[in-house]
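Engineer: Have a look at this one.
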Amino acid sequence: MAVQFVTAAEALARLAEFDTVIDARSPAEYAEDRLPAAVNWPVLDDEERARVGTIYKQVSAFEARKVGAALVSRNIAAHLEREMPGRPKHWKPLVYCWRGGKRSGSLALVLDQIGFRTCVLEGGYKAFRAQVREDLDRLPAKLDLRVVCGRTGSGKTRLLQALRAAGAQVLDLEGLACHRGSVLGVLPGQPQPSQKHFETRIWHELRGFDPARPVYVESESRKVGNLRVPEVLMERMRRDSECIRVELPDESRVRLLMEDYDFFLRDVDLFERQLECLVELRGRAVVDRWKALARGGEMAQVCLELMHTHYDPVYLKSMQRNFAHFEQARVVQPRSGDPDELTRVAAELLAGENTALPA
């Protein structure tokens, strides 16, 4: 039996065939981005990788290989002792490192010698990343995107969730980015992924969609928090896609915002820190007034004023400027943001999925 080398295109087409996808890179490399469902078996940890690299530069490649070989051998032994019990003979792993070289090759050689049907990703993560970039430029054109629009607090994310629960195809960019999208959209305790991993998450969703069925997506800005939406996808959403406008009464919008951002109710200090982002746009006096209202328990009033003086005007201008079919959007008017009501609206939307784009 010999180690098999597979191209990125072949590996991704056959991804479901592999029992385990093993990332042999360091933990820091793995944390930045990785193949879908990959597990990390670093043959060199971050400190060891830096140490070997320093020896390579300052002494010689030969000395670096000697030191690296000892470290790699110990680390592979530790992985085998931890991971091998219970692995059947027919277990089939896919192994990769940065460029499909020594790190993945060393681990794959040992696994192959044990008798496992081991494959190595030719070109490593670098080849995978190139495939992701290529697909992100290609896949959006194949999809029938339906852009869910609506002012802040209209329940767009909840409607997407209801659509998904009803069987629709949904691309939840805010969920993938771990951010609510607005200047106050940070999610406590949920750091955003790296830009590369955000793109990988989007790529993974796009390649799983059926082009014959609509894909529902929220009307995002070019950036979701600190992350940029891939340019081709954004242009497809803005220029070519049908819009669905959700209109919810102000009372329901305020209630929904206070439910979805309840962590601000529990931590007013966090809310005040986030409000600082609006000083440049709204002025110190206005922001300080909102802070005082929040400290006084008047969070509903703050939400209402934020909606009317900041979010609504900005949102309307952005939609009219950027989304070509916004003025012809199909309007849906839920009576509330409650789950049962949004389930009803989702069912109505799915019943009319084949409605043609307005001329």
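Mind the numbering: the sequence shown is residues -11 to 347 in my numbering, read in order. Glycine residues also receive a C-beta, built at the ideal position from the N, C-alpha and C atoms.
Could you check how far apart the C-beta atoms of G111 and G93 are, in whole angstroms? I think they sit under 8 Å.
Structural biologist: The Cβ separation is near 13 Å, so there is no contact.
Engineer: For D11, does the three-state DSSP call read helix, strand or coil?
Structural biologist: Correct three-state label for D11: strand.
Engineer: Measure the alpha-carbon distance for D11 versus L175 and round it to whole angstroms.
Structural biologist: Distance between the alpha carbons of D11 and L175 is about 28 Å.
Engineer: Going by other Cβ atoms of all chains shown within 10 Å of its Cβ, with 16 needed for buried, is D21 buried or exposed?
Structural biologist: Flag for D21 reads buried.
Engineer: DSSP has Q(-8) in a bridge; who is on the other side?
Structural biologist: BP columns for Q(-8) point to C107.
Engineer: Measure the CB-CB distance between V320 and V333 and report whether it falls below 8 Å.
Structural biologist: Yes, the pair counts as a contact, with Cβ atoms nearer than the cut-off.
Engineer: Per DSSP, L133 is paired with what?
Structural biologist: Answer by DSSP bridge pairing, in chain order: V203.
Engineer: Alpha carbon to alpha carbon, what distance is there between D160 and A(-10)?
Structural biologist: Between A(-10) and D160, the C-alpha separation is close to 42 Å.
Engineer: Could I get the ranges of all uninterrupted beta strand (DSSP E) runs contained in the stretch 284 to 331, with 3 residues as the minimum, in chain order?
Structural biologist: Runs of the beta strand (DSSP E) inside the stretch 284 to 331: 318 to 320.
Engineer: Under the three-state reduction of DSSP, which class applies to L3: helix, strand or coil?
Structural biologist: It is helical.
Engineer: Would you check if the distance between the CB atom of G173 and the CB atom of G213 is smaller than 8 Å?
Structural biologist: Taking 8 Å as the Cβ cut-off, G173 and G213 qualify as a contacting pair.
Engineer: Indicate the three-state DSSP secondary structure (helix, strand or coil) for N214 in the structure shown.
Structural biologist: If DSSP states are grouped into helix, strand and coil, N214 belongs with coil.
Engineer: In three-state terms, what does DSSP make of H167?
Structural biologist: Strand.
Engineer: Going by Cα to Cα distance, which pick from I232, L253, L294 is closest to R270?
Structural biologist: The shortest Cα separation from R270 among I232, L253, L294 belongs to L294.
Engineer: Output the boundary residues of the beta strand (DSSP E) element that contains R22.
Structural biologist: Note, R22: premise wrong, no beta strand (DSSP E); not H, not E.
Engineer: How would you label R323, buried or exposed, when you count the other beta carbons within 10 angstroms and need 16 or more for buried?
Structural biologist: Exposed.
Engineer: Per DSSP, E230 is paired with what?
Structural biologist: Answer by DSSP bridge pairing, in chain order: R134.
Engineer: Are at least three pairs of beta-carbons, each pair with one atom in the stretch 192 to 205 and one in the stretch 150 to 159, less than 8 Å apart?
Structural biologist: Short answer: they touch.
Engineer: Compute the Euclidean distance between the alpha carbons of L59 and R37, then round it to the nearest angstrom.
Structural biologist: Looking at the two C-alpha atoms, the distance is approximately 10 Å.
Engineer: Might you give, ordered along the chain, the residues of its own chain that have their beta carbon closer than 8 Å to the beta carbon of Y354, omitting 5 neighbours on each side?
Structural biologist: Absent from the structure is residue 354, since the part of the chain shown begins at -11 and ends at 347.
Engineer: For E187, which option in D123, E260, R146, W29 has the closest C-alpha, if you only look at C-alpha atoms?
Structural biologist: Comparing Cα-Cα distances from E187 to each of D123, E260, R146, W29, the minimum goes to D123.
Engineer: At what residue ranges does the stretch 174 to 198 contain a whole run of the alpha helix (DSSP H), taking only runs of 4 or more?
Structural biologist: Within the stretch 174 to 198, the complete alpha helix (DSSP H) runs of at least 4 residues are 183 to 194.
Engineer: Bridge partners for Q157 per DSSP, in chain order?
Structural biologist: Bridge partners of Q157: V203.
Engineer: If you compare alpha carbons, which of I64, V98, F104, S182 is closest to K77?
Structural biologist: Of the candidates I64, V98, F104, S182, the one whose C-alpha sits nearest the C-alpha of K77 is F104.
Engineer: In whole angstroms, what separates the C-alpha of V31 from that of R121?
Structural biologist: C-alpha separation (whole angstroms): 27 Å.
Engineer: Is the number of C-beta pairs between the stretch 305 to 317 and the stretch 216 to 229 that are closer than 8 Å three or more?
Structural biologist: Contact holds: three or more Cβ-Cβ distances are below 8 Å.
Engineer: Should G141 go down as buried or exposed, given a rule of 16 or more other Cβ atoms within 10 Å for buried?
Structural biologist: Buried is the call here.
Engineer: At what residues does the beta strand (DSSP E) containing L82 begin and finish?
Structural biologist: Its beta strand (DSSP E) spans residues 81 to 84.
Engineer: Which word fits T106, buried or exposed, when buried means at least 16 other C-beta atoms lie within 10 angstroms of its C-beta?
Structural biologist: Label assigned to T106: buried.
Engineer: So, are the CB atoms of Q119 and L0 less than 8 Å apart?
Structural biologist: Yes, the pair counts as a contact, with Cβ atoms nearer than the cut-off.
Engineer: With hydrogens ignored, establish whether the beta-carbon of T8 is closer than 7 Å to any heavy atom of the ligand MN.
Structural biologist: Ligands in the displayed structure: none, and consequently the ligand MN is not present.
Engineer: If we ignore side chains and look at the alpha-carbon of each, how far apart do S48 and W191 end up?
Structural biologist: C-alpha separation (whole angstroms): 40 Å.
Engineer: Per the contact definition of three or more C-beta pairs closer than 8 Å, is the stretch 127 to 137 in contact with the stretch 64 to 71?
Structural biologist: Judged by Cβ distances under 8 Å, the stretch 64 to 71 makes no contact with the stretch 127 to 137, as fewer than three pairs qualify.
Engineer: Buried or exposed for E162, going by 16 or more other Cβ atoms inside 10 Å?
Structural biologist: When all chains shown are included, E162 counts as buried.
Engineer: Have a look at F259 and L337 and give me their C-alpha separation to the nearest angstrom.
Structural biologist: Approximately 35 Å, taken between the alpha carbons.
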